[in-house]
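Numbering (our numbering), first residue to last: 215 to 396.
What follows is a short report on a single structure.
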Amino acid sequence: MARLRKFAAYRRLERPYTRLSKYRKKSYIRASPNIKIVKFDMGDPKGSFDTRLHLVPKASIQIRQEALEAARQTSIRLLEKQLGKSGFHLKIRTFPFHILRENPLASGAGADRMSTGMAKSFGKPIGRASQVKAGKELFTLSINMEHLNTGKKALERASKKMPCGFSIRVEEAIKRAPLAIA
């Protein structure tokens, strides 16, 4: 299998939008690569947790789906080991809609007769990425207050897999009184 190209070529948000449509004539990209992110909701979504942690990027950037999946796996591994499967709820808040393209150039003997260079260089789809603006939540983790350090450590590990700097924002929920039934 071919190696992934370095993401420095794709990390800026200046690339054109690659439109997908259910109508073939309106779709700029004919085939879209499969999504490699296995789950977007993990843990216990119906659990009652009193603290939320948000992983927020410091710069606007594109994040490749492989980086999102690697970040998800490292954080889930720590959370499940420390808190169990029902002690948290982790949600990925972005979806890799953007399709990355590459114009492969031939190299080696006889490449000048086969290659068209940059003529018609729209490119072939090679992967997907999500475009994230600075300050928008990327991951949201719901836990109880006594597990705050574990949650911070899990999101910190996830941020190490991403191509930019991140901050962790803590949001404490207000304790609600039970509803009185009349």
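Ideal Cβ placement from N, Cα and C applies to all residues, glycine included.
By the criterion of a C-beta distance shorter than 8 Å, His312 is surrounded in its chain by Arg229, Tyr231, Thr232, Gln276, Arg342, Ala343, Ser344 and Gln345, once the five residues flanking it on both sides are discounted. Within the same chain, Cβ atoms closer than 7 Å to the Cβ of Phe221 are found at Arg278 and Pro377, the five residues on either side in sequence being excluded. Secondary structure of Glu386 (DSSP, three-state): strand. For Ala223, the number of other beta carbons within 10 angstroms of its own is below 16, and it is reported as exposed. Sequence-distant Cβ neighbours of Lys272 in its own chain, meaning closer than 8 Å and more than five residues away, are Ala348, Cys378, Gly379, Phe380 and Ser381. In the DSSP assignment, Asp255 forms a beta bridge with Lys305. In this chain, the alpha helix (DSSP H) harbouring Glu294 covers Gln279 to Leu297. Following the DSSP letters along the chain, one finds Ser373 inside the alpha helix (DSSP H) bounded by residues Leu362 to Ser373. In the displayed model, Ala245 falls within coil according to three-state DSSP, outside both helix and strand. By the criterion of a C-beta distance shorter than 6 Å, Gln296 is surrounded in its chain by Thr364, once the five residues flanking it on both sides are discounted. With a cutoff of 8 Å on beta-carbon distance, Glu351 and Leu269 are scored as near each other. A direct Cα-to-Cα measurement between Leu319 and Lys250 gives close to 26 Å. Ser289 counts as buried, since no fewer than 16 other beta carbons sit within 10 angstroms of its beta carbon.
Per DSSP, Pro318 is not a residue of any beta strand (DSSP E), being assigned neither H nor E. Its chain contains Ala372, Lys375 and Met376 as the residues whose beta carbon lies nearer than 7 Å to that of Ala285, once the 5 sequence neighbours on both sides are disregarded; these appear in chain order. The C-beta separation of Gly337 from Arg307 comes to about 28 Å, leaving the pair out of contact by the 8 Å criterion. Within the same chain, and ignoring the five residues on either side of Glu283 in sequence, the residues whose Cβ sits closer than 6 Å to its Cβ are Lys250 and Ile251.
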